Every structure is written in C-alpha cells, then in structure tokens.
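Okay, so the sequence shown: first residue is 25 according to my numbering, each after it adds one.
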Amino acid sequence: MGDLREQGLSPVARFSLALGAVLAATAIALSAGTAYLVSRYVADETSSFTQDAVASHFGTVFKGDVFQRTLNEDEEKQLTQYVTFHFSIYNVVATQFYDRDGTIVFSYDDSEIGRKIDPASLPGLTQALAGMRSSARTTIVADPRLAVPGSTIGYGSYDTHKMDGMTAGQSLPPGMARMSALEAWIPVRMNGQTVGGVVVWRDMDPTDAALMRIQATIAGIILAAAVLLWLVLRGVYVRSSKRIVAQAQALEVSLGERERTYDATLQSLANALDVRDSETGGHSDRVLQYMELVIEEVGVDPTSTSMLRRGALLHDIGKIGVPDHILRKPTALSDAEWVIMRRHPEYGARIVAGIPFLEDVSEIVRHHHERWDGAGYPDRLAGEDIPVGARIFAVADSFDAMTSDRPYRRAMSVDAACAEIARCGGTQFDPEVADAFARIPSERLARIAENAPHTHPVAVAG
25 MGDLREQGLS PVARFSLALG AVLAATAIAL SAGTAYLVSR YVADETSSFT
75 QDAVASHFGT VFKGDVFQRT LNEDEEKQLT QYVTFHFSIY NVVATQFYDR
125 DGTIVFSYDD SEIGRKIDPA SLPGLTQALA GMRSSARTTI VADPRLAVPG
175 STIGYGSYDT HKMDGMTAGQ SLPPGMARMS ALEAWIPVRM NGQTVGGVVV
225 WRDMDPTDAA LMRIQATIAG IILAAAVLLW LVLRGVYVRS SKRIVAQAQA
275 LEVSLGERER TYDATLQSLA NALDVRDSET GGHSDRVLQY MELVIEEVGV
325 DPTSTSMLRR GALLHDIGKI GVPDHILRKP TALSDAEWVI MRRHPEYGAR
375 IVAGIPFLED VSEIVRHHHE RWDGAGYPDR LAGEDIPVGA RIFAVADSFD
425 AMTSDRPYRR AMSVDAACAE IARCGGTQFD PEVADAFARI PSERLARIAE
475 NAPHTHPVAV AG
C-alpha cells in the first residue's frame, strides 16, 4: 500500500486497486474451494453409484453360477452379452470377476479367464472378498466403444489393458484409447455369503468433462459476482468520498468563518478596553504585532500561533475590573492602588477561562506579568514554570510600554528600549526570548512603535 501512495494514486484509485485485489483473492479461493468440494462430491457420488449399480445386477440379472463352475462357450458368450449391455449404461469399459480363490472367472479379455491371482496382491480384491467396497482413480487402455450403450461390436475378446508397464509414447492396439477411469471393487453376495468380487473400470472422461464445465460455470458466476460487487462497492466509496469531501470543505469554511468571528469578537473586546483606557490606545494591536515578530524568530509551533495572538489581544481584559479613578489616573499610582491594579491578570484569567476555546489563552492572561527571576505577579512563577506564551508576551508588552508615552513619563527610543530588553534578559525576561527579540531589525520595530502615543518622533539609531 505504501508503494501505491508513493506513485501518487488518488484515494479512489488506491481503494479500487485494494478492493479489486481482495475480491480477486476471495474469488480465486472461493472458486478453488468450490471446485474441490464439487469434485470430491462428484467422485464420491460416482463411486457410490457405480458400486450400487454393479452390485444390483448380481442375483437378479447375472447368474451366480459363474463363481461356482466353469461356463461353456455359449454360456460365456451369453454372459458377455448381458454384462456388456448392462455395464455399458454406466460407461464401464472393462471388468473382471474373481471367485474366492482369486481366479478370474470372467473378463472382456478371454485370455485372462482362468488365471489365478493371489488376493493379497490386490488390495481391492482383498477388501471385496472381505465384504467391503473400494474405489480409486487410475488410467487404462481400453476400447471406448464398450462404454456406448447398445454397441454392436462383436462379443468375445476385448484386449483391455491397465497402464502398468506401458509408456506414454507406446503405440496402442487398434481401436484402443488411453482414458481416465474409476476402478471400483464390489463384493458379490449369494445367500448372505460373499462368493466373489467384481472390479469394473468406468470411463470418467465424460464425467470429468461435465465436471470441468460445472466448475467453469461456477467460477464464472463467482467472478461475475466479484466484479459486480467491486462495481457496487467502488460506486458507494466514490459517492461517499465526494460527499465527505464536500462536507469537509463546508466544515472547513464554517470553521474558518467561526475562527474569524471569534477573532473579530476578541478584537472588539480589545477595542472596548482601549476606549476605556484611552492612555494606552492601540496597545493590544501593537503588542500583537511585536509578538508576531518574536514568534518568527523563536520558531513557535504554528498550531500555537492563534492562541498567542488571542492572548495578546485579551491580556489586559482584566482591567475592566479596575476602577476608573485608578485605571485613568494621570499620575503615578500609590502602593494601595498598585495592589488593586496588579489584580487585573487574575480578573482577566477568570473572565477568559469561562470560554471553552480560550482555556489556553487564560494562562497568558494570568501570567503575562510574571518575571523570569520569580519576582513577578500574581503567582510569582519563575523560569520555565511560566507558560512560553506568557514569556513571549512579556517582552512584547514591556517593549510597547517603554516606547509609549505615559502621563508620568515620556516614551523611550526604540534603541533604548531594545537595550533595556537585552539588559533584563535572565532577570525579568526569558533570556532566549530576549535574544530572539534582539535579532529583530530596529526598522521593523520602529514602524510599529510609530503608532504608539508620542509627544515626539520615535528615535531610531542610524
């Protein structure tokens, strides 16, 4: 499957190939299994039918005298006619009758009559004399006309041979043919006793040909069903894939719209705070821009970028809970007022934490005034215990504060603020974040700082 992906095949093509392979393997296994079961059933039924058919003729059609005495020429000729006629119905091309001593008392081949064979040398005869039936597949040379009902060939000597000692290239006697046969041994019972055994060789070529046609038909049906199933399942997959892709695209559009709605809502909240805290107007937007520059240098996981941006927009949302006379005081705050002001990260975290998709943002809101050396607030976290987003934000927030005018002080130049960030690396700020900030060109920082409240132009060292 990896190779299919490397070849750039579409999902539908990969599914079609995989489904085709599975169905093909299933069809082959099912065809092979069915063919085996059918062939076994046919073989068993043919053996049983042949044995029953031969056994049914003794005692009703054939005389039992043949196993008890030697027949004269007329009797032998008449018996040959009876046997040939009745056995030809079952495609029998050769037969031999044995008495209990192993003597052949009847055969299509006259030269074999009277020949005695040790029953122990023929397992089939041994089983027949013991009252048991048996059968096996073999190959013989015989006259195929003997298997044709109503054959008019003369009765007498039918030179029938088994394949023992014959080579494949050896020429056959006139009228003879090699054929696949079923060798069946059947006991002959008279008056409740086994008086002999009969072996018949049934021509199986017609049966094998019919079996091949049956197996081919079954295989064709299975193949057609597999192809039909492949077409149906592939069609279902294609339709489902199109529907899923369409739904995924619609969902993506919906999620994008929801994200934009969230961000627009957060922007509105940040703007509302800027209106209330007019002295720091645009602060959230500028901090967001500084953070994006730091993120480029630090190499933050892209999946965290949206969370950091939202944290930048909402970091001061807790100032909603700070009284106006403190928030908008034109002079420096007293110690008591600073106690109240420093609670705004806690207020903001509680506000944001109640919104499911802003749970991670609440950490930035709560900890954006923590210091690397542990001297910050509200939880006095230190080092890497401070969330990385809050560490990045602290640098961007402090830089904007330093480059913006306040009622109680004037803004610092961009270079001076950069120097202060570098100086506080390892104490107030994460040293790695401070180093990353130092790599940002001053010109890019100055373009953002120009939008901060100033009573004089932004200074950048030339």
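Just so it is clear, CB atoms sit at the ideal spot from N, CA and C, and this is done for glycine as well.
If you're wondering where the values come from, they're calculated on a predicted model, not measured in any experiment.
- With contacts defined by Cβ atoms closer than 8 Å, Ala118 and Trp209 do not form a contacting pair.
- In this structure, Asp227 sits near Pro168, with a CB-CB distance shorter than 8 Å.
- Sequence-distant Cβ neighbours of Val90 in its own chain, meaning closer than 7 Å and more than five residues away, are Leu103, Phe121, Val129, Phe130.
- Assigned with DSSP and collapsed to three states, Leu257 falls in helix.
- For the 8 Å CB-CB criterion, Ala473 and Thr427 form a contact.
- In this structure Met203 is in contact with Ala166, their Cβ atoms being roughly 6 Å apart against a cut-off of 8 Å.
- Taking the Cα of Asp309 as reference, the smallest distance to any Cα among Ser80, Leu351, Phe111, Ala420 is reached at Ala420.
- Taking the C-beta atoms as reference points, Leu317 is found no nearer than 8 Å to Val385.
- DSSP, read as helix, strand or coil, puts Gln151 in helix.
- With contacts defined as CB atoms closer than 8 Å, Pro143 and Gly155 fail to qualify as a contacting pair.
- Minimum Cα-Cα distance from Leu54 among the listed residues Phe86, Tyr106, Gln239 corresponds to Gln239.
- Between Asp68 and the set Glu207, Leu41, Glu100, the nearest pair of CA atoms involves Glu207.
- Per DSSP, the unbroken alpha helix (DSSP H) holding Leu61 starts and ends at 35 to 81.
- With fewer than 16 other CB atoms across the displayed protein chains lying within 10 angstroms of its CB, Glu320 is exposed.
- The residue from Gln217, Thr163, Gly199 with its alpha-carbon nearest to that of Ala205 is Thr163.
- C-alpha of Gln105 to C-alpha of Pro211: approximately 21 Å in a straight line.
- DSSP, reduced to helix, strand and coil, places Ile445 within a helical segment of the structure shown.
- Membership of Ala458 in the alpha helix (DSSP H) is indicated by the continuous run 455 to 462.
- Counting the other CB atoms within 10 Å of its CB gives Leu332 a total of 16 or more, which places it among the buried residues.
- Scanning the region 302 to 366 from its first residue to its last, the whole alpha helix (DSSP H) runs of 4-plus residues come out as 307 to 322, 326 to 338, 348 to 351, 359 to 365.
- In this structure, the beta-carbon distance from Gly342 to His307 does not fall below 8 Å.
- The Cβ atoms of Tyr286 and Phe423 do not sit closer than 8 Å to each other.
- Under the criterion of beta carbons closer than 8 Å, Trp396 and Gly407 qualify as touching, at roughly 6 Å.
- Looking from the CA of Pro455, the closest CA among Val322, Tyr132, Ala171, Val260 belongs to Val322.
- Relative to Ala470, the option among Val457, Ala440, Arg447, Phe453 whose CA is nearest is Ala440.
- Contact between the region 57 to 64 and the region 93 to 102 is absent, with fewer than three C-beta pairs closer than 8 Å.
- Secondary structure note for Ser386: its alpha helix (DSSP H) is the uninterrupted segment 385 to 391.
- Under the three-pair Cβ rule at 8 Å, the region 236 to 253 does not count as touching the region 266 to 276.
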